[in-house]
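This report concerns only the one structure given below.
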Amino acid sequence: MSESEWPEPAYSIRTNRLFVRCFERADVRSVHTAILANVDALRPWMPWIEHEPLTYAQRAALLRSFRASFDFGDNFVYGIFDRADGRYLGGAGLHPRISSRGLEIGYWIVHDRWGEGLATEVAGALTRVAIDRMEADRVEIRVSPRNARSLRVPHKLGYEEEGTLRGVGSHRDGLRDDLVVFGMLPHDFPSSPAAEVSIQLEGFGNDA
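Start counting the sequence shown at 38; every next residue gets the next number (this note's numbering).
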């Protein structure tokens with residue numbers, strides 16, 4: 038999808054507890070440290086973790102590519118930071134890979150902050166951005182049926198559980214995982230809990 042086909046994304050999103058924004062050069066060290074410390078916790082759920090551990094230089098190149106894709110409107114990858122102390126807490130994204138006007142939400146949180154509702158807060162904020170700002174006609178969250186914690190996130194936000202796709206997700210040891218598909222359409226959104234998530238947005242020119 039080209040840049041001209043999407044409205045300008047939110048470059049940063051503030052929620053009650055979090056600062057969700059596109060990556061900057063100064064983030065490399067904190068991201069690198071956090072991911073290496075969470076490899077074992079993330080390995081069962083995140084397909085990209087099979088490429089870990091990356092070197093510091095590889096991490097820097099990856100974050101640079103994330104920012105380039107964001108600026109060109111190809112893919113929108115965010116870092117998640119604690120509003121209170123600035124600590125890096127995980128990653129999230131709006132990925133235009135499900136349909137011509139659809140966005141898939143992805144997220145992960147560092148292990149020592151699991152159970153605090155942060156993934157729900159992030160996913161709710163990104164749902165609002167996808168529908169209200171990006172004008173998506175469909176938003177999806179896809180979750181392994183084995184991931185009980187993550188399965189609760191779309192339910193809490195009012196997504197519709199639409200079914201299970203068998204053998205479509207990457208998994209460790211070369212196996213293929215099933216994915217449960219949750220969908221949100223624009224007409225579902227106003228009455229959903231996701232619409233109640235408090236956010237403040239900034240665009241490229243800080244004019245949002």
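Don't be surprised by glycine CBs; every beta carbon is placed ideally from N, CA and C.
Note that the coordinates shown come from a computational prediction; the quantities given were computed from them, not determined experimentally.
Proximity below 8 Å, CB of residue i to CB of residue j
i: R62; j: E158; result: no
i: I135; j: E197; result: no
i: L163; j: L188; result: no
i: A121; j: Y144; result: no
i: G220; j: R175; result: yes
i: R124; j: W151; result: no
Distance between residue j and residue i (C-alpha atoms, nearest Å)
i: F226; j: T52; result: 18 Å
i: P90; j: H224; result: 42 Å
i: G139; j: A173; result: 5 Å
i: L216; j: T70; result: 29 Å
i: E233; j: A74; result: 33 Å
i: P299; j: P191; result: Past the boundaries of the shown model lies residue 299; the chain is included only from 38 to 245, so the question cannot be answered.
i: I142; j: S235; result: 18 Å
i: H148; j: I117; result: 13 Å
i: G154; j: A105; result: 30 Å
i: I168; j: F113; result: 14 Å
i: R179; j: A94; result: 30 Å
i: F241; j: F107; result: 11 Å
i: W85; j: P44; result: 28 Å
i: I50; j: A78; result: 26 Å
i: E102; j: V65; result: Looking at the sequence shown, residue 102 is not Glu but Ser. Between S102 and V65, the C-alpha separation is close to 12 Å.
i: S228; j: T92; result: 45 Å
i: L126; j: R203; result: 31 Å
i: G200; j: A98; result: 36 Å
i: G32; j: R96; result: Outside the shown range of the chain, which is 38 to 245, sits residue 32, and nothing can be said about it.
i: E87; j: P81; result: 10 Å
i: I72; j: C59; result: 17 Å
Residue i - DSSP class collapsed to helix/strand/coil
i: G195; result: coil
i: T201; result: strand
i: H132; result: strand
i: E172; result: coil
i: E42; result: helix
i: G161; result: helix
i: D122; result: coil
i: W85; result: helix
i: E153; result: coil
i: V234; result: coil
i: R213; result: strand
i: L79; result: helix
Residues that DSSP places opposite residue i in a beta bridge
i: R179; result: V218
i: S49; result: R58, E239
i: I117; result: V57, G127
Cβ-Cβ separation, residue j to residue i (assumed contact under 8 Å), whole Å
i: A47; j: L222; result: No, A47 and L222 are not in contact; Cβ-Cβ is about 20 Å, not under 8 Å.
i: L194; j: A231; result: 4 Å
i: V57; j: Y115; result: 5 Å
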